[in-house]
Amino acid sequence: MPSAPPPPDPACAALLDELRTLIARHARSDDTTAIDRVLLSAAGRPGEPEASTTGTVMAMIARGRKRLALGDTVHEYGPGQYLVASVDLPITGHYTHATDDEPALGFGLVLRPAAIATLLLDAEAARTAPRRKRPEPVALGLGVADAPPELLDAVVRMVRLLDAPEEDRAVLAPMIEREILWRLLSGPLGATMRQAATTDSSLVHVSRAVRRITEHPDRPFRVDELARSCGMSTSAFHRSFRAVTALGPVQFQKQIRLQRARLLLLSGVDDVSTVGYRVGYDSASQFSREYRRQFGAPPGQDARRLRALQGAAVA
Numbered sequence: 201m202p203s204a205p206p207p208p209d210p211a212c213a214a215l216l217d218e219l220r221t222l223i224a225r226h227a228r229s230d231d232t233t234a235i236d237r238v239l240l241s242a243a244g245r246p247g248e249p250e251a252s253t254t255g256t257v258m259a260m261i262a263r264g265r266k267r268l269a270l271g272d273t274v275h276e277y278g279p280g281q282y283l284v285a286s287v288d289l290p291i292t293g294h295y296t297h298a299t300d301d302e303p304a305l306g307f308g309l310v311l312r313p314a315a316i317a318t319l320l321l322d323a324e325a326a327r328t329a330p331r332r333k334r335p336e337p338v339a340l341g342l343g344v345a346d347a348p349p350e351l352l353d354a355v356v357r358m359v360r361l362l363d364a365p366e367e368d369r370a371v372l373a374p375m376i377e378r379e380i381l382w383r384l385l386s387g388p389l390g391a392t393m394r395q396a397a398t399t400d401s402s403l404v405h406v407s408r409a410v411r412r413i414t415e416h417p418d419r420p421f422r423v424d425e426l427a428r429s430c431g432m433s434t435s436a437f438h439r440s441f442r443a444v445t446a447l448g449p450v451q452f453q454k455q456i457r458l459q460r461a462r463l464l465l466l467s468g469v470d471d472v473s474t475v476g477y478r479v480g481y482d483s484a485s486q487f488s489r490e491y492r493r494q495f496g497a498p499p500g501q502d503a504r505r506l507r508a509l510q511g512a513a514v515a
């Protein structure tokens, strides 16, 4: 017989209850808040899986569950769990548990590599004994973990500031942000956080390539030339790129192209062939084939379905 899951930590349960109350009170339709880089979201329905990019962010679920797919890797997380994305990655994701009576609720903090780097330098300077520096293995640029009470407490105190005077927010928010970053660095996803701020980490080189592909997905590239522009051998570049993104460079470009195509089709400005050409496909049949494999329906049919769903939501 499988053992029963351990009972929830009472401290975490109380903090999550308060976090849910605060998010429900302050969440806006555009997810922004009065505190820079702090995001709050509320979703009253599970919704369709949507293609997007992660940004560099920490995201925590207070209620509901969310599923994200990065290539063939699927991450699912729920109340009291958090996600860290240290590089902008193409994902498909949606809330899987949400209702009008109990909307899914989430907290987000946009990560600043400079702030993480400053914190690491301060922590190193505070050490009483030098630490032997060992090269860390390349970490996936996206991970999920359980939030300890200390991290939950810092997040709750950050959201409480939305009820505080503006001068309190201006002084205290940066202090709490620094605490949240330290809790993340000290947690199971610390390696992902650290490599986001280390100038000689493989993530920096991969991020440069990711930015180049994301900004110009319609442009073909040679992997060996991209590796050389990052100052890496082709084999090392391949290993690091896949370790961080869970995708090869060519697969990554394909994901970006197809996601951009879906957004263009949803707008209804161009026909299928034109959209395929705009995102970099020379062959309309190849575009339709790969689009169907990615999203489960041909481009035109998928776009009509999404527009119908969008119209129903507005109505």
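With the numbering used here applied, the sequence shown corresponds to residues 201 to 515, in that order.
For glycine and all other residues, C-beta sits at the position ideal for the given N, C-alpha and C.
P499 is not a Cβ neighbour of L463, given a cutoff of 8 angstroms. The beta-carbon distance between S241 and G308, rounded to whole angstroms, is 7 angstroms. This is short enough to meet the 8 angstroms contact definition. A distance below 8 angstroms separates the beta carbons of Y282 and A259. Given a length threshold of 4 residues, each whole run of the alpha helix (DSSP H) inside the stretch 353-421 is given here in chain order: 366-386, 390-397 and 402-415.
V475 places its beta carbon less than 8 angstroms from that of A461. Beyond the five residues adjoining it in sequence on each side, P290 comes within less than 6 angstroms, by CB distance, of T253, Q455, I456 and Q459 in the same chain, given in chain order. According to the DSSP secondary-structure assignment, M258 is paired through a beta bridge with V284 and L309. Residue state for D209 is assigned as coil, using DSSP reduced to three classes. Between the C-alpha atoms of L305 and A427 there is a straight-line separation of about 40 angstroms. Here the alpha carbons of R327 and L362 stand approximately 35 angstroms from one another.
Note: A243 is bridge-paired with A304 in the DSSP secondary-structure output. Sequence-distant Cβ neighbours of L351 in its own chain, meaning closer than 6 angstroms and more than five residues away, are R383. Taking a contact to require three or more Cβ pairs closer than 8 angstroms, the stretch 308-325 and the stretch 369-382 qualify as touching. The beta-carbon distance between F441 and G448, rounded to whole angstroms, is 7 angstroms. This is short enough to meet the 8 angstroms contact definition. Contact check for L340 against V444 passes: the beta carbons are separated by less than 8 angstroms. Cα atoms of A354 and A436: separation of roughly 38 angstroms, rounded to the nearest angstrom.
Residue pairing by DSSP puts V344 in a beta bridge opposite L283. Taking C-beta atoms as the reference points, S286 and T318 fail to come closer than 8 angstroms. Annotation: Y481 is outside any beta strand (DSSP E) and is labelled neither H nor E by DSSP. By the C-beta density criterion, T292 is buried, having at least 16 other C-beta atoms within 10 angstroms.
Minimum Cα-Cα distance from V344 among the listed residues D301, A364 and Y277 corresponds to Y277.
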